[in-house]
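A quick write-up on the structure given underneath.
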Amino acid sequence: MDAALRWASQATISDADLQADRAFAQLGVNYFTSGGRNAAATPYDAKMRAKVEEYQRQVQLPVTGVADSRTINALLGGSVNGTGRPGR
1 MDAALRWASQ ATISDADLQA DRAFAQLGVN YFTSGGRNAA ATPYDAKMRA KVEEYQRQVQ
61 LPVTGVADSR TINALLGGSV NGTGRPGR
């Protein structure tokens, strides 16, 4: 969830963003190569709630801070910050 929200909320990409994206990708590789045994849990804390709220604001969803079905469907459907801007 954290990686998906990060990707969908980025309007620009810096070197630090690329480093974080590589780390998230490595977590995914670890998960799949272990047959799903090495899952990295994402705690739903105040930081995650703030990320969900930020994403919801950016894609014009009701801001609840809860990763409800509308939010998950928007993420899976490709709704991102800055849709239609070149370089996005």
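As numbered in our numbering, residues 1 to 88 make up the sequence shown, in order.
A virtual CB, placed ideally from N, CA and C, is assigned to each residue, including glycine.
Considering only Glu-53, Gly-36 and Asp-21, the residue with the shortest C-alpha distance to Ala-67 is Glu-53. With fewer than 16 other CB atoms across the displayed protein chains lying within 10 angstroms of its CB, Lys-47 is exposed. Secondary structure at Asp-68: coil, using DSSP grouped into helix, strand and coil. Boundaries of the alpha helix (DSSP H) around Tyr-31: 15-33.
Around Arg-6, the same chain offers no residue with a beta carbon nearer than 6 angstroms, after the five sequence neighbours per side are excluded.
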